[in-house]
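See below for the structure under consideration.
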Amino acid sequence: MTAIPRQKPVFRFAPSPNGPLHLGHALSAFLNQDMAALPGGRFLLRIEDIDLTRCTPELEAGIYADLEWLGIDWERPVRRQSEHFAEYQTALDNLIGRGLAYPSFMTRGDIKARVSAAEATGKPWARDPDGSPLYPPDDRERSALDRQQLLASGTKHAWRLDMAKALTAAGSAISWEETGDGDRGRIAADPGAWGDVILSRSDAPSSYHLSVVLDDALQEVTHVVRGLDLFHSTSVHRLLQTLLGLPAPIYHHHRLITDDDGRKLSKSHNDTGIAELRERGLSPADIRRLVGL
Numbered sequence: 001m002t003a004i005p006r007q008k009p010v011f012r013f014a015p016s017p018n019g020p021l022h023l024g025h026a027l028s029a030f031l032n033q034d035m036a037a038l039p040g041g042r043f044l045l046r047i048e049d050i051d052l053t054r055c056t057p058e059l060e061a062g063i064y065a066d067l068e069w070l071g072i073d074w075e076r077p078v079r080r081q082s083e084h085f086a087e088y089q090t091a092l093d094n095l096i097g098r099g100l101a102y103p104s105f106m107t108r109g110d111i112k113a114r115v116s117a118a119e120a121t122g123k124p125w126a127r128d129p130d131g132s133p134l135y136p137p138d139d140r141e142r143s144a145l146d147r148q149q150l151l152a153s154g155t156k157h158a159w160r161l162d163m164a165k166a167l168t169a170a171g172s173a174i175s176w177e178e179t180g181d182g183d184r185g186r187i188a189a190d191p192g193a194w195g196d197v198i199l200s201r202s203d204a205p206s207s208y209h210l211s212v213v214l215d216d217a218l219q220e221v222t223h224v225v226r227g228l229d230l231f232h233s234t235s236v237h238r239l240l241q242t243l244l245g246l247p248a249p250i251y252h253h254h255r256l257i258t259d260d261d262g263r264k265l266s267k268s269h270n271d272t273g274i275a276e277l278r279e280r281g282l283s284p285a286d287i288r289r290l291v292g293l
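For the sequence shown, counting from 1, position 201 maps to 201 in full-length UniProt numbering; every step adds exactly one.
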């Protein structure tokens, strides 16, 4: 594991402009800014807009407006992932060149049919920590000739990490330092639980997993503060950091803000946004109280 020089600590808040910010985002932004201020550290804002279909300039502008109203201040310029696809491609090419990634051609419909057929026989299909079925082995087991023919034909494909080979290449056990609201201390990573995770798609030149570890390294982030819903994903991030020779930040996964039914707030469920609360007459201090700060 590459050690990070202990200079000024660097924190970052990294929203995606694919929907309005809600109270959960406010908690994360406040925590990052507050934790950075205590030791005189730096606070960065990163726009994670690799999804060029769902992310829009209007939603990005809304993020800036919400954060400024909340009293959040960040260093300029802002790093926008859509401006750094070449860097992500270089890292992907590294993994492909080492035989640690392979092209995957199955569509979502193909995966669903493959899993359903297997489960219909009474055999359970392994699932990742989020409950999604692991990617079938079909593409991983294709012959080199078959892959070359499919690629040459222009068949749409993604690139996936060959988890078994990646774990072998990583060598020794992987872990991370955790200071958050769940388990603390040195946490043993279990990236194998995620199967062959996606590294890029035909409609997005990079995945969240690949871009986030590169961004954190390039921005010299020393402390990653984010929600507990990403706790288990850290196993994949630590594996990629190990494979690519990137530094390991300290992680702090904080509690989640939930609705009255105990459901995590989500953009996709149209949960109350910061802008709407502002229009109702709430103040930034009210928002702090609502998120328990």
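From the three backbone atoms N, C-alpha and C, an ideal C-beta is built for every residue, glycine too.
Just so you know, these numbers come straight off a predicted model, no measurement behind them.
8 Å Cβ shell around residue i - same chain, five flanking residues per side excluded
{"i": "residue 3", "result": "Low confidence applies here, because residue 3 scores a pLDDT of 49, under 50, leaving its location unreliable; read the following figure in that light. 247."}
{"i": "residue 126", "result": "133, 134 and 195"}
{"i": "residue 106", "result": "114, 135, 136, 138 and 139"}
{"i": "residue 185", "result": "177 and 178"}
{"i": "residue 278", "result": "66 and 69"}
{"i": "residue 119", "result": "125"}
{"i": "residue 300", "result": "In the structure as shown, the chain begins at 1 and stops at 293. Residue 300 is therefore absent and cannot be evaluated."}
{"i": "residue 151", "result": "103 and 157"}
Counterpart residues of residue i in DSSP-defined beta bridges
{"i": "residue 101", "result": "161"}
{"i": "residue 194", "result": "None, per the DSSP bridge assignment."}
{"i": "residue 13", "result": "45"}
{"i": "residue 287", "result": "In the DSSP output, where bridge partners are listed per residue, residue 287 has none listed."}
{"i": "residue 186", "result": "177"}
{"i": "residue 200", "result": "159"}
{"i": "residue 22", "result": "273"}
Residues of its chain near residue i, where Cβ-Cβ distance is below 7 Å and the 5 sequence neighbours each way are ignored
{"i": "residue 231", "result": "182 and 253"}
{"i": "residue 203", "result": "53"}
{"i": "residue 5", "result": "The predicted position of residue 5 is uncertain, since its pLDDT is 49 and thus under 50; no value can be drawn from it."}
{"i": "residue 55", "result": "16, 17, 18 and 49"}
{"i": "residue 8", "result": "40, 41 and 42"}
{"i": "residue 89", "result": "205"}
Rounded Cβ spacing between residue i and residue j (contact assumed at less than 8 Å)
{"i": "residue 162", "j": "residue 64", "result": "Wrong, their Cβ atoms sit about 39 Å apart, outside the cutoff."}
{"i": "residue 291", "j": "residue 257", "result": "6 Å"}
{"i": "residue 166", "j": "residue 92", "result": "The Cβ separation is near 13 Å, so there is no contact."}
{"i": "residue 48", "j": "residue 15", "result": "7 Å"}
{"i": "residue 33", "j": "residue 72", "result": "6 Å"}
{"i": "residue 265", "j": "residue 24", "result": "4 Å"}
{"i": "residue 224", "j": "residue 35", "result": "Incorrect: roughly 11 Å between the Cβ atoms, too far for contact."}
{"i": "residue 87", "j": "residue 214", "result": "6 Å"}
Residue j beta carbon less than 7 Å from that of residue i
{"i": "residue 26", "j": "residue 187", "result": "no"}
{"i": "residue 221", "j": "residue 10", "result": "yes"}
{"i": "residue 191", "j": "residue 216", "result": "no"}
{"i": "residue 85", "j": "residue 205", "result": "yes"}
{"i": "residue 17", "j": "residue 68", "result": "no"}
{"i": "residue 81", "j": "residue 200", "result": "no"}
{"i": "residue 38", "j": "residue 12", "result": "no"}
{"i": "residue 234", "j": "residue 251", "result": "yes"}
{"i": "residue 129", "j": "residue 189", "result": "no"}
{"i": "residue 160", "j": "residue 104", "result": "yes"}
{"i": "residue 198", "j": "residue 238", "result": "no"}
{"i": "residue 240", "j": "residue 169", "result": "no"}
Same chain, Cβ closer than 6 Å to residue i, five either side skipped, listed in chain order
{"i": "residue 293", "result": "30"}
{"i": "residue 156", "result": "202"}
{"i": "residue 284", "result": "70 and 71"}
{"i": "residue 287", "result": "26"}
CB contact below 7 Å: residue i versus chain B
{"i": "residue 212", "result": "Absent here is chain B; the protein component of the structure consists of one chain."}
Handout entry: Uninterrupted beta strand (DSSP E) stretches inside the region 218-277 (no shorter than 3 residues)
Key = 223-227 and 250-254
Exercise for the section: Could you pull out every unbroken alpha helix (DSSP H) segment of at least 4 residues lying fully inside the region 120-157, listed in chain order? Expected result: 144-152
Practice task
Could you pull out every unbroken beta strand (DSSP E) segment of at least 3 residues lying fully inside the region 63-107, listed in chain order?
Solution key: 101-104
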